[in-house]
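Below is one structure, written out as structure tokens; the observations come after it.
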Amino acid sequence: NDGVTVVLYNVFDAFVSLGGPKIDAAEIIKGIVSFAVVAFGGSFIGVVFAILTSILTRITHKVQVIEAGFIIVIGYLSYLTAEMMSLSAILSITFCGVCCQKYINANMDEKSVSTLRYALKVMANGSETMIFVFLGVSAIDVNIWVWNTGFILLTILFIIVFRITGVFFLNWILNQTRLIPISLTDQFVMGYGGLRGAVAYGLAAGLDEKKIPEKNLMLSTTLIVVYFTVVLQGITIRP
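As structure tokens, this is what we get:
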């Protein structure tokens, strides 16, 4: 989701730079093609690095001391490569991890796998903590707050409606061919569990105020959406 979001953000940012009168059918088609190239290109880069990692881990078991760090470096290289090629770096590192996970577990020493798993868990928890600290600090900056009740309520409403509609519709399509259908309970949890956080705020903060005069309204609304989904939905999703 985050990778697709960033790609769509860049496409619409390019449309804003062009200006409304200059956006015609040709530009829209270019945007769609660009979206496909960036998304699938980033995914392809991730798969390539996953294959490379899977092959190299058949050799690194002889030098166990570098195995864990080696995997982290390769994953980061997949991210940087996609970023340098203006492709989706998030999709790249995601596909890299997904595609090479089973091969890494089979090729690497068990101690190295455990070290890597706990190291990544510590890094993930630390990064998540820093993100929410940053969001909390940003929320007390009175200069960014521009309140528009109607805009905020409509944003939250549309997010919930489109999320639930998309989840139920896509699951209905998938259940036509799945051997074990996804239950309505699981579908509801997926629809209700759409939490927003760092990516949403980061994209809003990255808006150019010269092109988007309503940047602070976007920031304020994004913060409210983040707190609504993380605090209210996050707390109530467990029962």
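Every letter in the sequence shown is one number past the one before it in UniProt numbering, and letter 235, counting from 1, is 235. We treat Cβ as the ideally placed atom computed from N, Cα and C, and that holds for glycine. Values in this document were obtained by computation on a predicted structure and should not be read as measured data.
Residue i (DSSP reduced to helix, strand or coil)
i	result
Ile109	Per the sequence shown, the amino acid found at residue 109 is Asp instead of Ile. Coil, per DSSP.
Thr60	helix
Gln176	coil
Asp186	helix
Asp13	helix
Met85	coil
Gly136	helix
Lys215	helix
Gly191	helix
Gly206	coil
Phe230	Checking the displayed sequence, the identity of residue 230 turns out to be Val instead of Phe. Helix at Val230.
Val146	coil
Ile156	helix
Ile235	helix
Gly19	coil
Pairwise C-alpha distance: residue j and residue i
i	j	result
Ile152	Gln187	26 Å
Leu77	Ile212	33 Å
Thr53	Thr81	15 Å
Asp208	Gly193	30 Å
Val199	Ser183	29 Å
Met85	Phe40	13 Å
Glu214	Ile66	49 Å
Lys62	Val4	39 Å
Phe132	Thr149	24 Å
Phe12	Cys100	33 Å
Val165	Met190	It should be noted that the sequence gives Thr, not Val, for residue 165. Answer to the nearest angstrom: the Cα atoms are 11 Å apart.
Ile72	Glu83	17 Å
Gly31	Asp24	11 Å
Asn143	Thr222	15 Å
Glu110	Val161	45 Å
Gln176	Trp147	45 Å
residue 240	Gln233	Only positions 1 to 239 of the chain appear in this structure, which leaves residue 240 out of reach.
Val16	Glu27	12 Å
Leu135	Leu179	42 Å
Asn171	Thr185	12 Å
Leu120	Met130	15 Å
Met218	Ile159	14 Å
Lys102	Met108	10 Å
Tyr79	Pro181	34 Å
Candidates the options, of which the one nearest residue i by Cα
i	options	result
Thr94	Ser43, Asp13 and Thr155	Ser43
Phe49	Ile28, Gly19, Phe35 and Cys96	Cys96
Met123	Thr165, Tyr103 and Gly69	Gly69
Val226	Leu203, Ile173 and Asn143	Leu203
Ile55	Val33, Tyr79, Ala26 and Ala106	Ala106
Thr229	Ala36, Leu170, Leu157 and Phe134	Leu157
Val38	Val6, Val16 and Ile59	Val6
Thr60	Met130, Ile104, Tyr79 and Gly75	Ile104
Leu116	Phe134, Gly19, Gln64 and Ser127	Gln64
Gly46	Tyr118, Gly75 and Trp172	Gly75
Gly19	Asn125, Lys210, Arg178 and Leu219	Lys210
Tyr9	Tyr201, Val231, Tyr79 and Ile235	Tyr201
Min CB distance residue i to chain D below 7 Å
i	result
Asn10	Here chain D cannot be found, since the structure has a single protein chain.
**Asked** Given 8 Å as the limit, is there contact between the region 130-148 and the region 73-92, that is, 3 or more CB pairs closer than that?
**Response** Counting Cβ pairs under 8 Å, fewer than three are found: no touch.
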